[in-house]
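As structure tokens, the structure follows; a few thoughts come after it.
Protein chains: 2
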Amino acid sequence: MVYPSKLSRERVVSAALFLIREQGVDALGMRAVALRLAVRPSSLYKHVVDLAGLQSLLAEHAAGELLAAMDVAIARAPRSASVEAPKMPMLFMANEYLRFAREQPALYAMLTTQSSLMQTARSTASLSAAIPQEARAALWQRLLQVVGELTGAADDTDAAVALWAFLHGFITLERAGLFGSTGPKGGFARGVKAMAAGLRRPASGGHPAIDMPAS
Amino acid sequence: MVYPSKLSRERVVSAALFLIREQGVDALGMRAVALRLAVRPSSLYKHVVDLAGLQSLLAEHAAGELLAAMDVAIARAPRSASVEAPKMPMLFMANEYLRFAREQPALYAMLTTQSSLMQTARSTASLSAAIPQEARAALWQRLLQVVGELTGAADDTDAAVALWAFLHGFITLERAGLFGSTGPKGGFARGVKAMAAGLRRPASGGHPAIDMPAS
DNA sequence: GTCTATAAAATGATAGAC
DNA sequence: GTCTATCATTTTATAGAC
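Which chain is which? The protein sequence lines are Z and G, in order.
Using our numbering, you'd call the opening residue of the first sequence number 1158 and step up by one each time.
Using our numbering, you'd call the opening residue of the second sequence number 1158 and step up by one each time.
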């Protein structure tokens, strides 16, 4: 062989991970990845379908990492006989979610940015590479389960959506620098506690209906 | 005059607003705006500093619109003697925030995307155009005020941050299509109610401290 | 204040030699 | 499986004529 193998799909993905970790999501590109591997851009196309395909692989990796981190954190939540006990897994999960997003902002961004690629769709052939969403589905299942422990309902979609929205929103605003110079202070803990307290009972029971304008 | 005036700053901004409304945020560019005005791209630079400068103008416009819409909604909140009364302005504000973001997604996006321009900074001269953030500051003040009515604390930054994070997060996730095919269902109303109930008392009073891992 | 013309720079992706 | 070479496209922004 004249040109010995330097690459593999793992090496390409790994290089892309280092790239976004150090330079941010916007730095991700075939050229930048190739440069980092000391390889010509065209060589990458033997291991990855597309730029969109590469992004899908990164998103799946991100989902797996986040899920693993969350599982560790949830397992560490103390289980006592206290009335506050059912809150614990949720609190630990929320804290880990924030920690992950703060420590690996670019990786976290891949998780949520990626779906906008469905609308980009310059190439039709790369759609097959965007299909595998196993890890992300598992992530959602874990969220549902932990929130279910809190509210007492098995498939409390609404409650899970509400908590997820808060977590993701806090991270997004913080990262965009929209909290101002003072910083978010205790806003995260405050929101998590409010959710823990306010989501306890499913919508059907509990408080009387509040007059709300139509959504 | 050989070349009669066709443009003004307002007309440029107006064209840009129509553009993002119909084609989305990513379609915003000097070329696209010029095309829409039947004018050469270079002509725009007589009325707008930069692309970044134009984006700043759009963001400021967006903040003004959102603030006005929120004020109308807040004014419509019923004021009764009920225990639930203090929640009302917040509920109405939250609903209007969602409605605005859904009806004018691109305009809402300008509000939050723009600050990332501080990091772009290809041109140093355009920084002066990014300074005016009056409307956005006013928006934050209104949020603080309404949340203050709810919790009873005058400058309850943490509570305002928590609510804002939920609102923005829900909108972001919904728009990214991350809620899946089932849709968010009642997740928004559920979250707002949880916040309304859980934020009632400032962090200092109320519930005993919950053991949380370090943030 | 608008125009023509052009600079300067990125990017993703492909064909074909080896 | 990597290489060279190149295409095709897009973009912001400026200089100078009118």
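Just so it is clear, CB atoms sit at the ideal spot from N, CA and C, and this is done for glycine as well.
### Query
Would you call residue 1232 of chain G buried or exposed, if buried means 16 or more other Cβ atoms sit within 10 Å of its Cβ?
exposed
### Query
Is DSSP giving residue 1185 of chain G helix, strand or coil here?
coil
### Query
Whose C-beta lies closer than 7 Å to the C-beta of residue 1257 of chain G among residues of the same chain, with five residues either side of it excluded?
1223, 1226 and 1265
### Query
By how many angstroms is the C-alpha of residue 1293 of chain G removed from the C-alpha of residue 1220 of chain G?
5 Å
### Message
Here's the rule: buried if 16 or more other CB atoms are within 10 angstroms of the residue's CB, otherwise exposed. What is residue 1341 of chain Z?
### Response
buried
### Query
What does a CB cutoff of less than 7 Å around residue 1164 of chain Z pick up in its chain, not counting 5 residues either side in sequence?
1194, 1196, 1200 and 1204
### Query
Touching or not, the segment 1324-1336 of chain G and the segment 1321-1339 of chain Z, by the rule of three or more beta carbon pairs under 8 Å?
yes
### Task
Taking only the alpha-carbon atoms, compute the straight-line gap between residue 1345 of chain Z and residue 1353 of chain G and give it to the nearest angstrom.
16 Å
### Message
For the alpha helix (DSSP H) containing residue 1329 of chain G, name the first residue and the last one.
### Response
1314-1332
#### Entry: Within 7 Å of chain Z by C-beta, residues of the segment 1209-1238 of chain G in sequence order
none
### Query
Contact check, residue 1216 of chain Z vs residue 1190 of chain Z under 8 Å by CB: the rounded distance?
So it is not a contact: roughly 16 Å between Cβ atoms.
### Query
Roughly how far, in whole angstroms, is the beta-carbon of residue 1234 of chain G from the beta-carbon of residue 1245 of chain G, given that I think they are within contact range, below 8 Å?
4 Å
### Query
Are the C-beta atoms of residue 1347 of chain Z and some chain G residue less than 8 Å apart?
yes
### Query
Who are the Cβ neighbours of residue 1269 of chain Z in its own chain at under 8 Å, not counting the five residues just before and after it?
1325
### Query
Going by other Cβ atoms of all chains shown within 10 Å of its Cβ, with 16 needed for buried, is residue 1355 of chain G buried or exposed?
buried
### Counted within 10 angstroms of its Cβ, other Cβ atoms place residue 1166 of chain Z as buried (16 or more) or exposed
exposed
### Query
Just how far apart, CA to CA, sit residue 1183 of chain G and residue 1301 of chain Z?
33 Å
### Query
Which runs of the alpha helix (DSSP H), 4 residues or longer, sit entirely within the segment 1167-1252 of chain Z?
1187-1193 and 1208-1233
### Nearest to residue 1343 of chain G (by Cα), restricted to the options Z:1348, Z:1297 and Z:1313
Z:1313
#### Entry: DSSP-derived helix/strand/coil call for residue 1342 of chain Z
coil
### Task
For my contact list, residue 1250 of chain Z and residue 1230 of chain Z are in at a C-beta cut-off of 8 Å; report their separation, rounded to the angstrom.
6 Å
### Message
With H, G and I counted as helix, E and B as strand and the rest as coil, what does DSSP make of residue 1350 of chain Z?
### Response
helix
### Task
Kindly list, in the order they appear in chain Z, the residues whose Cβ is closer than 9 Å to that of residue 1352 of chain G.
1319, 1323, 1348, 1351, 1352 and 1355
### Message
Which residues in chain Z have a C-beta closer than 9 Å to the C-beta of residue 1309 of chain G? List them in chain order.
### Response
What residue 1309 of chain G touches in chain Z: nothing, since even the nearest Cβ is about 14 Å away.
### Query
How about residue 1357 of chain Z and residue 1296 of chain Z: do their beta carbons lie closer than 8 Å?
no
### Query
Should residue 1305 of chain Z be flagged as near chain G, meaning a C-beta pair shorter than 8 Å?
no
### Task
Would you verify that the beta carbon of residue 1257 of chain Z is, or is not, closer than 8 Å to some beta carbon of chain G?
no
### Message
Judging by CA-CA distance, which residue of G:1338, G:1305, G:1298 and G:1169 is the nearest neighbour of residue 1337 of chain Z?
### Response
G:1298
### Message
Looking at chain G, is there any beta carbon in it that lies within less than 8 Å of the beta carbon of residue 1312 of chain Z?
### Response
no
### Message
Using a Cβ-Cβ cutoff of 8 Å, what residues of the segment 1287-1302 of chain G are near chain Z? List them in chain order.
### Response
1297
### Bounding residues of the alpha helix (DSSP H) (the contiguous stretch that carries residue 1337 of chain G)
Segment: none, residue 1337 of chain G is in no alpha helix (DSSP H) and carries neither H nor E.
### Query
Name the chain G residues whose beta carbon is nearer than 9 Å to that of residue 1330 of chain Z?
1269, 1318, 1321, 1322, 1325 and 1326
### Task
Have a look at G:1213, G:1170 and G:1187 and flag the residue whose alpha-carbon is nearest the alpha-carbon of residue 1290 of chain G.
G:1213
### Task
Compare the C-beta of residue 1186 of chain Z against all C-beta atoms of chain G and say whether one is closer than 8 Å.
no
### Query
For residue 1261 of chain Z, which three-state DSSP category applies?
coil
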